[in-house]
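A short worksheet on the structure shown next.
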Amino acid sequence: MLKGASAIVQGFGNVGYHAAKFLSEEDSARVIAVAERDGYVANHDGLAIEALKQHQLRTGSILGFEGAISFADDMSGIEQPCDVLIPAAMENAIHAENAERIKAHLIVEAANGPVTFESDKILRARGITLLPDLYVNAGGVVVSYFEWVKNLTHIPFGLMERRRRERRNQTIAAALERMTGKQFPADMRDEFLEGGAEIDLVCSGLEDVMRSAWTNIADLLEVQPELGDYRTAAYVTAIRRVAAAYEAIGI
114 MLKGASAIVQ
124 GFGNVGYHAA
134 KFLSEEDSAR
144 VIAVAERDGY
154 VANHDGLAIE
164 ALKQHQLRTG
174 SILGFEGAIS
184 FADDMSGIEQ
194 PCDVLIPAAM
204 ENAIHAENAE
214 RIKAHLIVEA
224 ANGPVTFESD
234 KILRARGITL
244 LPDLYVNAGG
254 VVVSYFEWVK
264 NLTHIPFGLM
274 ERRRRERRNQ
284 TIAAALERMT
294 GKQFPADMRD
304 EFLEGGAEID
314 LVCSGLEDVM
324 RSAWTNIADL
334 LEVQPELGDY
344 RTAAYVTAIR
354 RVAAAYEAIG
364 I
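Here the working numbering runs 113 ahead of the position in the sequence shown, where the first position is 1.
Dropping the structure here:
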């Protein structure tokens, strides 16, 4: 779905870097610009994200990266045309003064409060879709909850079924080899037989939670279009869940 789509990321810290990395490596999107406090770098064909990160770690800045054109002291990086804009740096990055110059089709709020109240109205009036911060950057809280659960049990995720899963996958691999008369590809065999490390289980759980949350938000907006936008739908969904939790314990 995102293959070939153009994306711009503001902020190249932990959140921005990983967003850019996953977009380019897993979704085959083109991250055409990365913006920071001292300017931005751009490459219409797509930036080499890992190389850019190593350059930043080595020099302290994204500017001067050989694989891109650098725009020093230029804060207009987020105003360049793109399919997806990901403000992942600071609050109020998009405000009433620059909202009219934003040319993205979709804004994904990876930072906390990157879009002001006034600019939100301007952007929506222009037909730009916004995915709200309270949903988008909830992943960190979700994984922190997983960590809390793990610490309570003192049992790593997957411990109780890892060996059973390996034996099951060995049986499947052997059956496939017997039916086809061919050897299981060597470059895939070890990963398949292992059946996933703890990080794979955590990522799977995170994806499931985020998918479920998004389904709830999107379905609510479809049923109640008068809510107007995904941000309002997300707040209503959250409030209803809190209310249901209180009702469940008799409050």
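We put the beta carbon where it would ideally sit given N, CA and C, even for glycine.
Residue i (DSSP reduced to helix, strand or coil)
i, result
"Ala217", "strand"
"Ser137", "helix"
"Ser317", "helix"
"Ser325", "helix"
"Ile312", "helix"
"Arg302", "helix"
"Ala361", "helix"
"Ile366", "Here the chain comprises residues numbered 114 to 364, so residue 366 is not present and cannot be evaluated."
"Arg291", "helix"
"Gln337", "coil"
"Gly152", "strand"
Same chain, Cβ closer than 8 Å to residue i, neighbours up to 5 away in sequence not counted
i, result
"Gly309", "Gly271, Arg278, Ser317"
"Leu244", "Leu219, Ile220, Val221, Glu222, Tyr343"
"Ala185", "Asp151, Gly152, Leu176"
"Glu204", "Ala224, Asn225, Gly226, Pro227"
"Ala331", "Tyr343, Ala346"
"Arg237", "Leu243, Gly341, Asp342"
"Val249", "Val221, Glu222, Ala223"
"Ile241", "Ile215, Ala217, His218, Leu219, Ile220"
6 Å CB neighbourhood of residue i in its chain, flanking five on each side removed
i, result
"Pro194", "Lys216"
"Thr229", "Asn205, His208"
"Pro72", "For the chain, the structure presents residues 114 to 364; residue 72 sits outside this window and is missing."
"Leu247", "Ala347"
"Leu333", "Ala346, Thr350"
Cβ shell of residue i (< 7 Å), same chain only, five flanking positions each side left out
i, result
"Phe259", "Val315, Gly318"
"Gly108", "What the structure shows of the chain is the stretch from 114 to 364, and residue 108 is not part of that stretch, so it cannot be assessed."
"Ser137", "Val144, Gly159, Ile162"
Nearest-angstrom beta carbon gap, residue j and residue i [assumed within contact, 8 Å]
i, j, result
"Ile191", "Ala148", "6 Å"
"Arg302", "Ala286", "7 Å"
"Ala212", "Ser232", "4 Å"
_Every unbroken alpha helix (DSSP H) within the region 189-263, with a cutoff of 4 residues, ordered by chain_ = 230-238, 246-249
*the region 321-339 touching the region 279-294, judged by at least three CB pairs closer than 8 Å*: no
*Kindly confirm or deny that the region 120-134 and the region 165-181 touch, where touching means at least three C-beta pairs closer than 8 Å.*
yes
*Touch check for the region 152-162 and the region 174-190: three-plus C-beta pairs under 8 Å?*
yes
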